[in-house]
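Numbering of the sequence shown is given in my numbering, commencing with residue 10 and proceeding in unit increments. Quick reminder that beta carbons are idealized off the backbone N, C-alpha and C, glycines included. All of these numbers come straight from a predicted model, not from anything done at the bench. What follows is a set of notes on a single structure, which appears directly below.
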Amino acid sequence: MRSHVIAVAVSAALAACASFPEIDALGEDTGPPPQLEPIDGLLAQADAAAQDPAPDLQARAARLRARAAAIKAGAPPP
């Protein structure tokens, strides 16, 4: 276990020393960062789309119980 930890640490250290010429070729970033958009609209859409799965799950459970009872009784399942 200890050797695995040491191997991971050495691998991480070597990866940190890697050069990325594609990124270095881009040059200095002098532009302003992008503006953040308000999230309120997205949250409202998520709340509207979310529905309570309980009725569907209860109906499915009832169907499965009826099917199990039919199999237990030897009758063909509905």
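How many Å lie between residue i and residue j at the Cα?
i    : j   : result
L52  : P42 : 24 Å
A71  : Q60 : 20 Å
K81  : L73 : 12 Å
H13  : A21 : 12 Å
Q44  : G50 : 16 Å
M10  : I48 : 44 Å
G83  : P64 : 29 Å
P30  : D38 : 15 Å
A75  : A55 : 35 Å
I115 : A25 : This structure does not reach residue 115, given that the chain is present from 10 up to 87, and the question cannot be answered.
Mind checking which residues open and close the alpha helix (DSSP H) that includes residue i?
i   : result
A22 : R11 to A25
D33 : P30 to D33
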